[in-house]
Amino acid sequence: MQERYEPAAIEAEAQHYWDQHRSFEAKEDDSRAKYYCLCMFPYPSGRLHMGHVRNYTIGDALTRFMRMHGRSVLQPMGWDAFGLPAENAAIANSVPPAKWTLDNIAHMKAQLKSLGYGLDWKRELTTCRPEYYRWNQWLFLRMLEKGIAYLKTGVVNWDPVDKTVLANEQVIDGKGWRTGAIIEKREIPMYYLKITAFAEDLLDELNRMPGWPERVRVMQANWIGRSEGVRLGFPHDIGEGGALWVFTTRADTIMGATFCAVAAEHRLADVAAQDNPKLAAFIEECKRGPALEAELATQEKKGMPTGLNVRHPISGEHMPVWVGNYVLMSYGDGAVMGVPAHDERDFAFAKKYELPIKQVIECQGRAYSLAAWQPWYSDHGRCVNSGAYDGLDFQAAVDAVARDLRAIGLGEKRTTWRLRDWGISRQRYWGCPIPIIHCRDCGAVPVPDEQLPVILPTDLVPDGSGNPLLKDERFLSVKCPKCGVDARRETDTMDTFVDSSWYFLRFACADNNQAMLDYRVQYWLPVDQYIGGIEHAILHLLYARFWTRFLKEIGAVSFKEPFARLFTQGMVLNEVFFRKTDSGRVQYFNPADVRVSAEKSGNGSVAVLKADGKEVESGGVVTMSKSKNNGVDPQVLVDEFGADTARLFIMFAAPPEQTLEWSDEGVQGAFRFIKRLWKAVYDHVASGPAAPLDKSALTEAQRALRRHSHQTLAKVTDDIGRRRTFNTAIAAVMELLNGVAKFPQAGAQDRSVSQEALEIAVMTLSPIIPHVTHALWRGLGHVTALIDEPWREVDAEALQSASVQMVVQVNGKLRAHITVAVGAVEAAVRAAALADPNVQKFIGVSAVRKMIIVPGKLVNIVV
RNA sequence: GCCCGAAUGGCGGAACUGGUAGACGCGCCGGACUCAAAAUCCGGUGGUGGUGACACCGUGUGGGUUCGAUUCCCUCUUCGGGCACCA
């Protein structure tokens, strides 16, 4: 064993060993319990960032830990390779997105390897390759057959400058993120997936998912948004007659309804606007949405009467119908009944347009006033001024109203969902083609299975003027599969969330070119541990749950929840430094280019740019990002200190679920610890092999170190295996190493006990810093590879102790420590506590009223 | 506005089931080694008072439950996250 710790050589050697021995090639082994550990796959943006390192280090540590516990492990990796950044890079550099993406993948793959992750690269998958995305298309066709996929006109954000469609996230304050142009709403035909068909099950099952964080389950539940209420109709004679249907959770307030309001997109609004140009203009304005930021902020309620009337379903009174900008077409029936007395929005609307306000719910003795809204106006209470419903409480009134309306065909109880169907059409080039052919005679025709995959050309270069597929005759031109005449291919591609909605299944059988999934899914799935960022708490995880349910429905899988346990790691933060330029722009500087010097006398610190020595301002600690220029390149870290230091720092600096603050000194500390570990083993080994441990002939000090070793082993096993608190596991091993450093190395048994302590330290750290521990294990005299060693069992005998230290309190305040024999009788503990001089002092002349004894821990004397 | 979560030394954090607050690391202070520096090693390090043993105070604020509260309950403050005209 060499004296110096040289990470580059050690890491290359360890990685070579795992490669050669295929240590991480997953095998379907029925004789062993499997463990499928999956980290969310990356978008190949170019380089790994610290968030990736954190994510994949957590996954790798768990995978290695489970492997040493005898599990048959699978830890795969792939690439979420379709998406917008590739198109933007293409516009900027005139390179096809395919080349840019594949180059990035090659680079990032090398980076992942240099970090030593135990990945099964045989199962690597890339979503922009036809071998993968053909199954998106295949399943889409199955969804069409089952009515889960359907075509509907939808509203999109249209950037008139780029002539392209933008995602909601790309619209900032009503303007395009690239062009700054005011975004228009356009209606175009799009394909939707009927996720709402599964809404109830997606919600209910959340209660039976103990392996998911409460936080994520709550977020999904809110997103799905179940509402119990009544759908009721206001009859009218407009056109051919009928009823205006609304949804309400407050059917008990129906006698207080004084108007109805419909969304701008509502059919009645259209009807009324036909001979009312002012109303038509207002409707147009609403459809465009709040263009001005001020309007968004105040959320001012605006409306206009349609001149139409409906009748109250119970009283028969005539009620005006308004168009209201606060009514959403996408929720319920796109219309509401206005009960101004008991709904804050209706109140504001009625005030503004001088509509009648009628109180119908008593307010627990408080006086109702028409002057101003009070928060308790919308509370539940008994009905008043409501005819037959007077005196009923909330639930009774809702039941009665629903029953009465049902009798006349104008209402029924109804559950409404906030969740909407998932529009997957993207008017974009770099995505999976939707397998549809448009025929002049047959309409939209699905591509037959045997013609799959519809291959996306990889040599196109978008120029910013819309989807280049629209100009690519090779792609466009096709015969209609039904009638054989010349037809055109659909040029829309699928939302990239489709790609990530099932990739975790494909890892089980990525090499199968005959079928989407096969028998191996049964062995590996569900994923035992899924790890990723909280930012995917809603969309990705909900879509994946939806796809799995659909696959179960068509018999492709046997389970409906794809991820048994979910772990959401915290973000990586760093300080941000900037200067304001004369023109008012903010210029950010990377922390690596800034020197911070603590002012010894003052309470602040000064940050200066290394390049010019002049001061920069500090903007606090925020998420690492390109825009703030405060990222740290993992590669620089690996090159300077090695992968183990990077891994150790990131696992030690914070609990994995919390945010992690970057610290250069912290990295130095991690490096220093590894060097100390190396030196401890080197010094130990330098004086030759240790004799076998003779457990029967140990001194008290030797027994104490053994106890410490096995306590540490027990703690690390629990911290990683159950609590997932890697930071405390590492701290425990640091303490053990401090203990070994202080331990004398005089006799043969001293060295034997130290050998055991070092072996435990090296083994327990190996999931986190696998390279250096691989070398140290060999250094400690083993010929086996550490990764193939079974995780050591705690020796219960080593944990035993003859005596125990107890705390003595007087009136709850710590006054003394006493040492008593293990299992000492209560009387003995009592006597020992009372005999302590300091305890005596605080009891003084007072009478002892009570003594509370927690065996082995504490005595509290109440005087 | 609604729903979650958090707040502990100079800093990151620990204390898992109500039982020794501040583990471990960083930083800082002192010392050793060195011509010197870096690296390394040893010691100290919540605040106040005291030469000292020790005492008092101390986990965002104010209250409560308890022999005992960082931990449980209520109030407020601040910060972070999610949703947001959802009828």
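Anchor point for the first sequence: position 370 equals 563 in this note's numbering, and the numbering is continuous, going up by one each time.
We put the CB at the ideal spot given by N, CA and C, even for glycine.
- Separation of Val349 and Tyr385 (C-alpha to C-alpha, rounded to the nearest whole angstrom) is 13 Å.
- Taking 3 residues as the shortest admissible run, the region 272-353 contains the following complete beta strand (DSSP E) segments, listed from N- to C-terminal end: 342-352.
- Sixteen is the threshold: since fewer than 16 other Cβ atoms of the shown chains lie within 10 Å of the Cβ of Arg197, the residue is exposed.
- Annotation for Arg682: the continuous beta strand (DSSP E) segment containing it runs 679-682.
- In terms of Cα proximity to Gly418, the closest of Met448, Phe845, Tyr524 is Tyr524.
- For Ala637, there is no enclosing alpha helix (DSSP H); the residue is part of the beta strand (DSSP E) that begins and ends at 636-639.
- If you check the CB distance, Phe258 and Pro960 come in under 7 Å.
- Every beta strand (DSSP E) of 3 residues or more that sits fully in the region 551-612 is shown, in chain order, as 604-610.
- Setting aside the 5 residues that flank it on each side, Leu802 is surrounded in the same chain by Phe782, Asp786, Val787, Val809, each with a C-beta closer than 7 Å to its C-beta; the list follows chain order.
- Selection Leu979, Asn767, Ala804 evaluated against Lys819 yields Asn767 as nearest (Cα-Cα).
- Contact check between the region 819-838 and the region 889-896: fewer than three CB pairs, one atom from each, fall below 8 Å, which does not count as touching.
- For Leu521, the secondary structure class from DSSP, reduced to helix, strand or coil, is coil.
- Residue pairing by DSSP leaves Ser820 without any beta bridge partner.
- Scanning Ser902, Val520, Ala939 for the CA closest to the CA of Leu929 turns up Ser902.
- Pro382 sits in a strand when the DSSP states are folded into three classes.
- Annotated three-state conformation of Trp717 is helix, per DSSP.
- In the structure shown, Gly932 adopts helical secondary structure according to DSSP, grouped into three states.
- Closest in alpha carbon position to Gln1002, among Ala995, Ser996, Lys753, Ile1011, is Ile1011.
- Met270 and Glu990 have their alpha carbons spaced roughly 43 Å apart.
- The three-state reading of DSSP puts Thr357 in strand, counting E and B together.
- Between Arg619 and Thr686, the CB-CB gap stays under 7 Å.
- Tyr228 counts as buried, since at least 16 other C-beta atoms from the protein chains shown sit within 10 angstroms of its C-beta.
- Met709 carries a coil assignment under DSSP once its states are collapsed to helix, strand and coil.
- A contact between stretches requires three or more CB pairs, one per stretch, nearer than 8 Å, and the region 698-705 fails this requirement with the region 656-676.
- Check the Cα spacing between Ile203 and each of Asn281, Gly309, Lys821, Met261: the tightest is with Gly309.
- Taking C-beta atoms under 8 Å as the contact rule, Gly531 and Thr451 qualify, at a distance of about 6 Å.
- Nearest neighbour of Ile601 by Cα position, chosen from His505, Asp468, Leu241, turns out to be His505.
- For the 7 Å CB-CB criterion, Val765 and Met817 form a contact.
- Sixteen is the threshold: since fewer than 16 other Cβ atoms of the shown chains lie within 10 Å of the Cβ of Gln707, the residue is exposed.
- Secondary structure at Phe760: strand, using DSSP grouped into helix, strand and coil.
- Taking the C-beta atoms as reference points, Val503 is found nearer than 7 Å to Cys453.
- The way I'd put it, the region 406-417 does touch the region 723-741; three or more beta-carbon pairs between them come closer than 8 Å.
- When C-alpha distances from Val654 are compared across Ala1026, Asn281, Pro289, the shortest belongs to Pro289.
- Separation of Val520 and Thr446 (C-alpha to C-alpha, rounded to the nearest whole angstrom) is 19 Å.
- Rounded to whole angstroms, the Cβ separation of Lys387 and Asp614 is 5 Å, and the two are in contact under 8 Å.
- Between Pro650 and Arg667 the beta-carbon gap is near 7 Å, inside 8 Å, which marks them as a contact.
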